[in-house]
Amino acid sequence: MNWKTVTHTLKFPLQFEGRKIEKITLREPDVEALEKIDELDIQPGKPVRVRQMRGMIAALGDCPPEALGKLHRDDLAALGELLGPLLEGEPETAAAS
Numbered sequence: 218m219n220w221k222t223v224t225h226t227l228k229f230p231l232q233f234e235g236r237k238i239e240k241i242t243l244r245e246p247d248v249e250a251l252e253k254i255d256e257l258d259i260q261p262g263k264p265v266r267v268r269q270m271r272g273m274i275a276a277l278g279d280c281p282p283e284a285l286g287k288l289h290r291d292d293l294a295a296l297g298e299l300l301g302p303l304l305e306g307e308p309e310t311a312a313a314s
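In our numbering, the protein residues as written are 218 to 314.
This is how it looks when you write it as C-alpha cells:
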C-alpha cells in the first residue's frame with residue numbers, strides 16, 4: 218500500500234530547540250494515528266476546536282508536538298484544510314501548498 222502524504226510550507230516558520238521548521242508534512246493515518254485522533258473526541262457535525270486540530274496535526278505530522286503551539290493561525294488553517302482528504306482517503310483532493 219502506498220501511503221499518501223502532503224507537505225505545507227509554513228508562511229510563518231517556527232523556531233524550535235534551535236532549529237527552524239519551514240515545512241510540515243502530513244501523512245495518511247495509520248492505526249496509531251487513528252487511535253490518537255479518536256481520543257480527541259471530535260463530534261460529527263460540530264466545529265473542530267483548536268485543541269483537536271492541533272492533536273490531528275500532531276498525530277499525522279512530522280513536526281514536534283511541542284512546537285505546534287507556536288503555529289500561526291494562517292498555517293493552522295492551511296494545515297486544517299489538508300487534513301480532511303487524508304482522513305477521508307481522497308487522494309485526488311490532497312494537494313500540497
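Cβ coordinates follow ideal geometry from the N, Cα and C atoms, glycine included.
Worksheet item: In whole angstroms, what is the alpha-carbon distance linking residue 297 and residue 232?
Response: For the purposes of this step, residue 297 is taken as the residue at position 80 of the sequence shown. For the purposes of this step, residue 232 is taken as the residue at position 15 of the sequence shown. Taking the straight line joining both Cα atoms gives about 21 Å.
Item to complete: With distances taken Cα to Cα, identify the nearest neighbour of residue 247 among 278, 290, 294 and 284.
Response: Counting from 1 along the sequence shown, the entry for residue 247 is found at position 30. Per the Cα distances, 278.
Worksheet item: What did DSSP end up calling residue 299 once you bin it into helix, strand or coil?
Response: Stepping through the sequence shown from its first residue, residue 299 is reached at position 82. Correct three-state label for residue 299: helix.
Practice prompt. Just confirm the distance between the C-beta atoms of residue 300 and residue 243, as a whole number of angstroms; I'd bet it's less than 8 Å.
Written response: Reading the sequence shown from its first residue, position 83 is the one you call residue 300. Reading the sequence shown from its first residue, position 26 is the one you call residue 243. Indeed they touch by this definition, with Cβ atoms about 7 Å apart.
Worksheet item: Which value, in whole angstroms, describes the spacing of the CA atoms of residue 249 and residue 255?
Response: Taking the first residue of the sequence shown as 1, we reach residue 249 at position 32. Taking the first residue of the sequence shown as 1, we reach residue 255 at position 38. Looking at the two C-alpha atoms, the distance is approximately 10 Å.
Fill in: Cβ-based burial, residue 310 [other Cβ within 10 Å; buried from 16]
To locate residue 310, count along the sequence shown from 1; it is residue 93. For residue 310, the predicted model reports a pLDDT of 39, less than 50, meaning its position is unreliable; a value from the coordinates is still stated below. So residue 310 counts as exposed.
Worksheet item: What whole-angstrom Cβ distance do residue 272 and residue 253 have, given they're in contact under 8 Å?
Response: Within the sequence shown, residue 272 is the residue found at index 55, counting from 1. Within the sequence shown, residue 253 is the residue found at index 36, counting from 1. With a Cβ gap of about 7 Å, residue 272 and residue 253 count as contacting.
Discussion item. Among the candidates 292, 284 and 221, whose CA atom is the shortest distance from the CA of residue 235?
Written reply: For this step, residue 235 is matched to residue 18 along the sequence shown. Checking every option, the nearest Cα to that of residue 235 belongs to 284.
Practice prompt. Grab the span of the alpha helix (DSSP H) containing residue 267 for me, first residue to last.
Written response: Mapped onto the sequence shown, residue 267 falls at position 50. Per DSSP, residue 267 belongs to the alpha helix (DSSP H) from 267–277.
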